[in-house]
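Everything in the sequence shown is counted per UniProt numbering, starting at 1 for the first residue and increasing by one.
Heads up: the structure comes next, in structure tokens.
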Amino acid sequence: MLARTAHRLRPFRPPPTLSSLLTHSYLSSSFLSSSSSIFSTPFLFQRRKHGGEGSGDRERPLTIHVHFPDNTTRTLTAYDGQSILDVAAEQGLPIEGACGGCCACSTCHVYLDEKANADELFEEPTEAENDMLDQAFFVQPNSRLGCQLILRQDKHDGLHFTLPRATRNMYVDGHTVKPH
Numbered sequence: 001m002l003a004r005t006a007h008r009l010r011p012f013r014p015p016p017t018l019s020s021l022l023t024h025s026y027l028s029s030s031f032l033s034s035s036s037s038i039f040s041t042p043f044l045f046q047r048r049k050h051g052g053e054g055s056g057d058r059e060r061p062l063t064i065h066v067h068f069p070d071n072t073t074r075t076l077t078a079y080d081g082q083s084i085l086d087v088a089a090e091q092g093l094p095i096e097g098a099c100g101g102c103c104a105c106s107t108c109h110v111y112l113d114e115k116a117n118a119d120e121l122f123e124e125p126t127e128a129e130n131d132m133l134d135q136a137f138f139v140q141p142n143s144r145l146g147c148q149l150i151l152r153q154d155k156h157d158g159l160h161f162t163l164p165r166a167t168r169n170m171y172v173d174g175h176t177v178k179p180h
């Protein structure tokens with residue numbers, strides 16, 4: 001009974017804000033600088049802006065071929081350093097990219113050309129990418145997330161990939177994809 005009474009008598013103190021945490025010694029400087037910390041630069045800036053004129057090295061163009069579920073193909077110009085999601089946003093492809101390219105959804109799911117050796121063309125998918133692919137519809141062994149496939153002129157010129165017939169969170173009712 002005494003413990004309950006003592007608890008009621010303590011003044012209310014709101015939880016600390018991020019700025020108060022950073023200005024006070026609640027967190028050690030070694031924690032703030034560690035790579036696993038949410039305060040580290042890679043974590044804070046992990047969300048990538050896709051699309052727009054600023055993405056990719058415009059001096060290094062490459063050609064990619066997009067195959068649609070209705071068996072049509074579009075040949076596009078992409079630029080070194082762009083992801084497939086960047087190209088989709090810039091060229092108006094129907095790839096949603098709901099998370100903005102930070103590997104937190106599966107709406108940019110694509111199939112790499114099975115004839116190309118994807119293991120040599122791109123890095124292995126991360127655990128986070130595989131986790132998101134587990135949520136995608138119609139996953140195949142050559143499935144990847146477009147936001148994680150960064151194009152390089154020397155390796156990916158002439159790349160072929162196919163869009164799946166549907167994705168989770170796919171736009172509906174005439175919604176058009178807009179870059180974030």
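Note that the Cβ used here is the ideal one computed from N, Cα and C, for glycine as well.
Between the beta-carbon of residue 68 and the beta-carbon of residue 110, is there less than 8 angstroms? no
Taking buried to mean at least 16 other C-beta atoms within 10 Å of its own C-beta, is residue 167 buried or exposed? buried
Look at residue 135 and residue 62 and say whether their C-beta atoms are less than 8 angstroms apart. no
Cβ shell of residue 185 (< 7 angstroms), same chain only, five flanking positions each side left out: Summary: the structure shown does not reach residue 185, with the chain confined to residues 1 through 180, and so no result is reported for it.
Residue environment, residue 57, which counts as buried when at least 16 other CB atoms sit within 10 Å: exposed
Buried/exposed call for residue 158, threshold 16 Cβ in 10 Å: exposed
Do residue 107 and residue 96 have their CB atoms nearer than 8 angstroms? yes
Any beta strand (DSSP E) of 3 or more consecutive residues that is wholly inside the UniProt domain "2Fe-2S ferredoxin-type" (62 to 167): 73 to 80, 109 to 112, 143 to 145 and 159 to 162
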